[in-house]
Amino acid sequence: MKTKPFGIDEYRAGAFPIGNQKPLLTESFGLLVQGNFGRIALKNSRGEEVVIEVTVDSITVDRSKSGDLSYFDDVDPKLFKKEDLLVSTTKRYMRGNVNMEIIFDVSYLEIYADGGLETASVCVYPDAPYQVVSTDGDLEVKMYTIKK
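Numbering (numbering that gives the first Met the number 0), first residue to last: 0 to 147.
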C-alpha cells in the first residue's frame, strides 16, 4: 500500500515546471532547482529583487536591491561591512550539476544545495510582495506552493 506524502513532501509532490518567468500566486513557496549554472530572481513591481546565482564553484545570494535595508544601519562597522551582509557567497563542495531547494516564506529565504552541504538563510523586507520568479542559464526549476 502506497502512503500519501505528508509535511513538505506533500507540497513537493505538487511541484510543476516553470519557464523563464512565472507569476507568483503566493508568498510561501518552494523551488526545486537542478542544472549547471544560472540565476533565479524574485521580483516585485517596485523594482526590488533578491537574486540567487549558481556557478560551478559557488552560490551567491544578492539582497542589495531586495527592499527595506534600514535594519543594516545598526550593524557595527567594526564587526561587519554592510556590503558583506547584502551579498553572501557560499562555496560549493560538490562538483557538477547543482541540486538545490529554495524555500521562501513572506520575508525569509532558505537555500539547501548539494544534499545540504551548502546552506543559506537570509531575511528580506520588500516594500511590496515579490510577484514574479525569473530564471536564466542552464537550470531546470520546478515550483510548489506552501499552503498554510
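Cβ coordinates follow ideal geometry from the N, Cα and C atoms, glycine included.
Since we're looking at a predicted model, the values are computed, not measured.
* Expressed to the nearest angstrom, what Euclidean distance is found between the alpha-carbon atoms of Gly18 and Asp73? -> Translated into the one-based positions of the sequence shown, residue 18 becomes position 19. Translated into the one-based positions of the sequence shown, residue 73 becomes position 74. Each residue's Cα considered, the two are about 39 angstroms apart.
* **Unbroken stretches of the alpha helix (DSSP H), 4 residues or longer, contained in the stretch 63-105** => 81-85
* Asked: What number of angstroms, rounded off, separates the C-alpha of Asn35 from the C-alpha of Ser57?
  -> Residue numbering aside, residue 35 sits at position 36 when the sequence shown is read from its first letter. Residue numbering aside, residue 57 sits at position 58 when the sequence shown is read from its first letter. If I take the Cα positions, the gap works out to 11 angstroms.
* Could you spell out where the alpha helix (DSSP H) holding Ile7 opens and where it closes? => As a working note, residue 7 is residue 8 in the sequence shown. That run of the alpha helix (DSSP H) goes 7-11.
* Alpha carbon of Thr54 to alpha carbon of Val86, nearest angstrom -> By one-based count along the sequence shown, residue 54 stands at place 55. By one-based count along the sequence shown, residue 86 stands at place 87. When rounded, the distance between both Cα atoms is 15 angstroms.
* Asked: Roughly how many angstroms lie between the CA atoms of Leu31 and Pro4, to the nearest whole one?
  -> Mapped onto the sequence shown, residue 31 falls at position 32. Mapped onto the sequence shown, residue 4 falls at position 5. Spanning the two alpha carbons is a distance of roughly 17 angstroms.
* To do: Drop a sphere of 10 angstroms on the beta-carbon of Ser120, count the other beta-carbons inside from all chains shown, and report buried for 16 or more, exposed for fewer.
  => Position 121 of the sequence shown holds residue 120. By the neighbour-count rule (16 or more Cβ atoms within 10 Å), Ser120 is not buried but exposed.
* Spell out the partners DSSP gives Glu26 in its beta bridges. => Counted from its first residue, the sequence shown places residue 26 at position 27. Note: Glu26 sits in no beta bridge, so no partner.
* To do: Decide yes or no for the touch test of the stretch 136-144 against the stretch 107-115: beta carbon pairs closer than 8 angstroms, at least 3 of them.
  => no
* To do: Can you say whether Met142 is buried or exposed, counting buried as having 16 or more other CB atoms within 10 angstroms of its CB?
  => Along the sequence shown, one-based indexing puts residue 142 at 143. It is buried - the Cβ of Met142 has at least 16 other Cβ atoms within 10 Å.
* **Run of the beta strand (DSSP E) containing Lys141, from where it starts to where it stops** => Looking up residue 141 in the sequence shown gives position 142. That run of the beta strand (DSSP E) goes 131-144.
* Straight-line CA distance for Leu24 to Leu68? -> Position 25 of the sequence shown, counting from 1, holds the residue named residue 24. Position 69 of the sequence shown, counting from 1, holds the residue named residue 68. If I take the Cα positions, the gap works out to 25 angstroms.
* If you compare alpha carbons, which of Gly29, Leu116, Ala12, Ser65 is closest to Ala44? -> Start at 1 with the first residue of the sequence shown, and residue 44 comes out as number 45. The sequence given here places Ser at residue 44; Ala does not occur at that position. Minimum Cα distance to Ser44 is reached at Ser65.
* To do: Go to Val121, then tell me how far its beta strand (DSSP E) extends in each direction, as first and last residue.
  => The count along the sequence shown starts at 1 and reaches residue 121 at position 122. Its beta strand (DSSP E) spans residues 117-122.
* Spell out the partners DSSP gives Glu109 in its beta bridges. => Start at 1 with the first residue of the sequence shown, and residue 109 comes out as number 110. BP columns for Glu109 point to Ile102, Ser120.
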